[in-house]
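Visitor:
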Amino acid sequence: MIPSYQSLSEKLSALKGSEKNDRGLAGFPDGTAYYHYLIQSQVGDFRSTNEIEERLFTQLALDYRQMQTLLSQNPSLAQNLSVFSLSATPEEMLSYLNKAMQTDFPDLDSPKYEVKYVPTSMEEFSSPAFYLTPPADTLSPNTIYINQSSQVNPAELFTTLAHEGFPGHLYQTLYYGNQNPAPIRNLLGCSGYIEGWATYVESISYGYAASYFKVEPELLQLLWQNRSISLCLYSLLDIKIHEYGWTLAQVTQSLHGFGIASDDTCKEIYQYIIENPANYLKYYVGYLEILDLKKASLKKKKEKFSQKKFHKSILDIGPAPFDVVEKWL
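All residue numbers for the sequence shown refer to the working numbering, where the first residue is 18 and numbers rise by one.
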């Protein structure tokens with residue numbers, strides 16, 4: 018095996034610098050058609066990119082207005098964004114989340130899981146935390162890995178653990194697995210549903226975090242608005258790069274307009290989107306799809322709407338393209 022990897026490394030090194038396309042998938046023959054395929058197959062969204070882009074702009078404007086309102090009503094919030102004095106272990110945070118979510122999400126009998134830490138040699142390349150999906154036929158072991166070198170504040174770790182653990186990926190995986198779905202469903206999983214759910218519940222966890230850290234709810238709301246705007250902006254850039262062929266210069270100019278002044282940071286964002294077409298859409302467009310289904314359900318059921326029942330319905334349907342989820346919901 019080692020000679021194979023050495024050979025691969027040598028061949029890739031020889032190719033370095035030979036690529037002339039700086040316009041994402043849009044710069045390849047049939048690249049935009051392939052991009053549309055990725056949105057349909059991975060995100061599970063069959064709308065046109067124009068429709069998706071319009072939905073993203075609508076959400077960006079809404080979040081921006083809400084953030085401005087929060088700051089105009091309480092200007093001191095901006096100075097308090099890093100004030101989280103409570104020190105707690107990831108295990109304690111997960112235990113709290115598992116209890117706090119019970120009023121909003123269906124029960125899951127005594128989920129067994131463990132917390133491990135990323136080996137030092139992998140810290141530089143690992144996210145702050147991640148859930149290791151178990152084999153479909155055993156649903157165990159369930160492990161959340163923590164990257165101890167990650168520079169995130171306690172509130173960010175808390176909401177990340179909600180995304181990866183409760184009521185995010187770990188909970189979602191066990192809940193759906195306990196429904197004994199047809200085995201073929203394991204081959205038909207839709208990343209947009211899975212990551213959209215985790216991002217959706219992450220947004221809810223900011224409310225749990227306010228109680229946990231005993232801080233103003235508005236402070237955590239501001240943190241979520243900021244994260245939502247970032248994810249929305251990156252999703253829009255994903256479309257601009259891979260659908261319209263935006264270059265690094267165009268992306269940098271756009272990000273400068275949103276206060277991201279560092280050219281190195283702009284280049285990192287651009288490079289990540291180039292390497293992972295439609296990835297941000299899985300998270301954020303998936304989140305918006307679930308949010309829109311919730312709004313539609315609330316409008317239809319009015320005072321009979323139950324958040325817990327809505328969540329149960331989404332979880333019972335399981336991973337699928339969103340037009341299928343909407344039909345069965």
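Cβ atoms here follow ideal geometry from the backbone N, Cα and C, with glycine treated the same way. All values derive from a computational prediction rather than experimental measurement.
#1: Please work out which residues of its chain come closer than 7 angstroms, Cβ to Cβ, to Tyr51, disregarding the five sequence neighbours upstream and downstream, and give them in chain order.
#2: For Tyr162, name the three-state secondary structure that DSSP assigns.
#3: With 16 as the cutoff for other CB atoms within 10 Å, does Leu272 come out buried or exposed?
#4: Starting from Lys12, trace the alpha helix (DSSP H) both ways and give me its first and last residue.
#5: So, under 8 angstroms CB-CB, Ile56 and Leu298 are touching, yes? Tell me the CB distance rounded to an integer number of Å.
#6: Helix, strand or coil: which one does DSSP assign to Asp133?
#7: Helix, strand or coil, according to DSSP, for Phe275 in the structure here?
#8: Hey, would you say Tyr300 sits closer than 9 angstroms to Gly213, going by beta carbons?
#9: List the endpoints of the continuous alpha helix (DSSP H) containing Phe327.
#10: Verify whether the separation of the beta carbon atoms of Tyr210 and Gly303 is less than 9 angstroms.
#11: Once you ignore the five residues that flank Ile334 on each side, which residues in its own chain have a CB closer than 7 angstroms to its CB?
#12: Taking the alpha-carbon of Leu237 as reference, which of Ser24, Asn97, Arg40 has the nearest alpha-carbon?
#13: Look up Tyr229 in the DSSP assignment and give the residues it is bridged to.
#14: Any idea what DSSP makes of Leu149, helix, strand or coil?
#15: Flag this pair as yes or no: are the beta carbons of Glu4 and Ile256 separated by less than 9 angstroms?
#16: Would you call Pro234 buried or exposed, if buried means 16 or more other Cβ atoms sit within 10 Å of its Cβ?
#17: Report the rounded CA-to-CA distance for Pro198 versus Leu204, giving the unit in angstroms.
#18: So Ile290 is in the alpha helix (DSSP H); what residue range does that whole segment cover?
#19: Can you check which of these residues, Trp263, Ser166, Ser58, Tyr261, is closest to Asn296 by C-alpha distance?
#20: Kindly indicate which three-state DSSP category Tyr94 falls into: helix, strand or coil?
#21: Tell me which residues share the same chain as Thr66 and place their Cβ nearer than 6 angstroms to its Cβ, disregarding the 5 neighbours each side in the sequence.
#22: Let me know the secondary structure DSSP gives Ala337 once reduced to three states.
#23: Quick check on DSSP: helix, strand or coil for Cys249?
#24: In chain order, what residues of the same chain have a beta carbon less than 7 angstroms from the beta carbon of Tyr81, not counting five sequence neighbours either side?
#25: Just curious, the alpha helix (DSSP H) that Glu27 is in, first and last residue?
#26: Sort Asn164, Leu77, Asp39 by Cα distance to Leu265 and report the nearest one.
#27: How would you label Ala110, buried or exposed, when you count the other beta carbons within 10 angstroms and need 16 or more for buried?
#28: Verify the CB distance criterion: does Asp154 have a CB-CB separation below 9 angstroms to chain D?
#29: Is DSSP giving Phe175 helix, strand or coil here?
#30: Taking the alpha-carbon positions, what's the Gln267 to Ser127 distance?
#31: If I follow the unbroken alpha helix (DSSP H) through Lys116, where does it start and stop?
Guide: Result, derived from the coordinates:
#1: Shown here for Tyr51: same chain residues with a beta carbon closer than 7 angstroms to its own, the five before and five after excluded, namely Leu42 in chain order.
#2: The answer is strand: DSSP assigns Tyr162 an E or B state.
#3: buried
#4: Because residue 12 is not part of the residues shown, which for the chain are 18 to 346, the question remains open.
#5: Taking 8 angstroms as the upper bound for CB-CB distance, Ile56 and Leu298 are in contact here, some 6 angstroms apart.
#6: Just to set this straight, residue 133 is Lys in the shown sequence, not Asp. Strand at Lys133.
#7: coil
#8: yes
#9: 324-334
#10: yes
#11: Val342, Trp345, Leu346
#12: Asn97
#13: According to DSSP, which records beta bridges pairwise, Tyr229 is partnered with nothing at all.
#14: strand
#15: A query on residue 4 cannot be resolved here, the shown segment of the chain reaching from 18 to 346 and no further.
#16: exposed
#17: 11 angstroms
#18: 280-292
#19: Ser58
#20: What sits at residue 94 in the sequence shown is Leu, not Tyr. Correct three-state label for Leu94: helix.
#21: Ile256, Glu260
#22: coil
#23: Cys249: helix per DSSP, three-state reduction.
#24: Ile246
#25: For Glu27, the uninterrupted alpha helix (DSSP H) segment begins and ends at 19-32.
#26: Asp39
#27: Sequence inspection shows Met at residue 110; the Ala mentioned does not correspond to that position. Met110 is buried by the Cβ-count criterion.
#28: Structure shown: chain D not included; a single protein chain is present.
#29: Residue state, collapsed to three classes: helix.
#30: 50 angstroms
#31: 107-117
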